Every structure is written in structure tokens, then in C-alpha cells.
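Q: Be aware that the sequence shown starts at 9, since it is given in my numbering, and climbs by one per residue. In this text, a Cβ means the ideal position worked out from N, Cα and C, and glycines have one as well. Predicted, not measured: the structure shown is a model, and the values here were computed from it.
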Amino acid sequence: MPPWSGLAEVWRLERLDATARRFLLAGRTASTSFDASPTICACFGVKSQAILSAIADGARSTEAIGAQLNAGTNCGSCLPELRRMIAAARAPQKAKADLPA
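(1) To the nearest angstrom, how far is it from the Cα of residue 90 to the Cα of residue 53?
(2) What are the boundary residues of the alpha helix (DSSP H) that residue 47 is part of?
(3) Ordered along the chain, which non-local residues of its own chain (more than five positions away) have a Cβ less than 7 Å from that of residue 17?
(4) For the alpha helix (DSSP H) that residue 22 lies in, which residues bound it at each end?
(5) Considering residue 81, what are the terminal residues of the alpha helix (DSSP H) in which it resides?
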């Protein structure tokens, strides 16, 4: 059985594309092109994995994420979560920088 988060995303689609159909028929995790991560920005349907990828690619502010993905550029309700995700990604880097040489 596919994970609940994946099924929940499929049920939100207006139309099932080929990937979503295969996901349901196979009864297992979708291919890598189907992002079942949680939606962070409801206004633009931006998923957690897309945001994490943008951060890994160098987006270091909500403005940079907004420019790349549109997340956080409409109602702003996702901005606190975007800030948390950026801070969490910086934490390991900051810890390394704080180590004595």
C-alpha cells in the first residue's frame, strides 16, 4: 500500500496524470518525479522537497526561495516555516564554523 502522504497528494489532484495513475495501480511508492512531501506553500503548491532542494542549491533567504519557487510571495503564511527550514539547513554549517581550528 502506498504511504498515506502520497495518497493524500494524489486525492488533491483535479486530474490524475500518468505518474499518479501508475502510483495508485502499483500500490507502492511513486517514481522519483512524484513529490509526496508535505505542501509548505498552499498558494503555489510548493512542496517541502522543492524548498529543501532550493536551500541546498544556495537559497539562503525567504526572498531567494520566493524568487526561485514563488513560495512566500503571496499571503505569507508559509514564511515562518520557510525561515525554520533555512535555519535548520544552516545549523550544521554554523556548528562547523564555531569549532576551534
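A: On the basis of the coordinates in this document:
(1) Position 82 of the sequence shown, counted from the start, is the residue given in the question as residue 90. Position 45 of the sequence shown, counted from the start, is the residue given in the question as residue 53. Rounded to whole angstroms, residue 90 to residue 53 spans 14 Å at the Cα level.
(2) Along the sequence shown, read from residue 1 onward, the residue named residue 47 stands at position 39. No alpha helix (DSSP H) contains residue 47, which is instead part of the beta strand (DSSP E) from 47-49.
(3) Working through the sequence shown from its first residue, we reach residue 17 at position 9. Counting only residues of its own chain and dropping the five nearest sequence neighbours on each side, residue 17 has a CB closer than 7 Å to the CB of 44.
(4) In the sequence shown, residue 22 corresponds to position 14, counting from 1. In the DSSP assignment, residue 22 falls outside any alpha helix (DSSP H), carrying neither H nor E.
(5) Taking the first residue of the sequence shown as 1, we reach residue 81 at position 73. That residue, residue 81, is in no alpha helix (DSSP H); it is neither H nor E in DSSP.
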